[in-house]
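Written out below as structure tokens is the structure these notes cover.
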Amino acid sequence: MKLKDYKEKRNFKKTPEPSESKSRKISQELIYVIQRHQASHLHYDLRLEEGGVLKSWAIPKEPPQEEGIKRLAVQTEDHPLGYEDFEGVIPEGQYGAGDVKTWDRGNYVPLEVKESKWIIEIRGERLKGRYCLIKLKAKDNKGNNWLFFKLKNQ
Ligand code: MN
0 MKLKDYKEKR NFKKTPEPSE SKSRKISQEL IYVIQRHQAS HLHYDLRLEE GGVLKSWAIP
60 KEPPQEEGIK RLAVQTEDHP LGYEDFEGVI PEGQYGAGDV KTWDRGNYVP LEVKESKWII
120 EIRGERLKGR YCLIKLKAKD NKGNNWLFFK LKNQ
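Heads up: the sequence shown runs through residues 0 to 153, numbered per numbering that gives the first Met the number 0.
Below is the structure:
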């Protein structure tokens with residue numbers, strides 16, 4: 000889902016979220032962030048920089064810090080660079096209304112990134128090590144469901 004979807008879902012006169020990329024990137028490292036989002040249902044938004052945007056997945060349960068736990072990760076619309084710094088309250092009545100707080104952040108190294116399978120090394124405070132994101136097959140090929148889990152140490 001594209002950045003266009005991000006803009007279409009939001010009224011920037013009413014939400015404090017950024018409308019587009021605010022900052023020019025200085026670091027070469029790829030951004031990794033997880034934002035704890037207390038919306039109608041608590042979830043964790045995983046965002047990974049790729050191709051000038053933040054690829055995004057909503058994880059309904061706490062992201063795994065150890066191997067052996069697989070989490071559903073529902074891919075959502077790309078977010079603009081700079082969104083990794085957003086913390087605050089999205090007002091009542093707006094898309095994603097609720098409180099957003101940084102849960103973890105750092106950078107990541109793509110080890111093997113394909114369209115429907117990413118193996119990455121996450122360098123955060125809470126999540127550290129090799130992780131896998133794998134897209135679940137859907138009948139119409141339009142599914143947004145992925146699994147997110149930690150891989151064994153090598
Ligand atoms: Mn969210």
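Ideal Cβ positions, reconstructed from N, Cα and C, are used throughout, including at glycine.
Would you say residue i touches ligand 1, meaning its beta carbon is less than 7 Å from a heavy atom?
{"i": "His-42", "result": "yes"}
{"i": "Gly-95", "result": "yes"}
{"i": "Ala-57", "result": "yes"}
{"i": "His-78", "result": "no"}
{"i": "Ala-167", "result": "Outside the modelled stretch of the chain, which goes from 0 to 153, sits residue 167, for which no answer is possible."}
What number of angstroms, rounded off, separates the C-alpha of residue i from the C-alpha of residue j?
{"i": "Asn-152", "j": "Ile-118", "result": "13 Å"}
{"i": "Lys-1", "j": "Pro-63", "result": "27 Å"}
{"i": "Val-73", "j": "Lys-116", "result": "14 Å"}
{"i": "Leu-150", "j": "Lys-12", "result": "42 Å"}
{"i": "Arg-9", "j": "Gln-93", "result": "7 Å"}
{"i": "Gly-95", "j": "Gly-67", "result": "30 Å"}
{"i": "Asp-139", "j": "Trp-145", "result": "15 Å"}
{"i": "Leu-41", "j": "Lys-100", "result": "12 Å"}
{"i": "Glu-65", "j": "Lys-136", "result": "25 Å"}
Which term fits residue i, buried or exposed, when burial requires 16 or more other beta carbons within 10 angstroms of its beta carbon?
{"i": "Ala-57", "result": "buried"}
{"i": "Leu-132", "result": "buried"}
{"i": "Val-112", "result": "exposed"}
{"i": "Ile-25", "result": "exposed"}
{"i": "Gln-34", "result": "buried"}
Please check the pair residue i and residue j, which I expect to be a contact at CB under 8 Å, by giving their CB distance rounded to whole angstroms.
{"i": "Pro-79", "j": "Val-52", "result": "7 Å"}
{"i": "Gly-87", "j": "Pro-15", "result": "5 Å"}
{"i": "Lys-54", "j": "Asp-84", "result": "Going by Cβ atoms, the distance from Lys-54 to Asp-84 rounds to 17 Å, so no, they are not a contact pair."}
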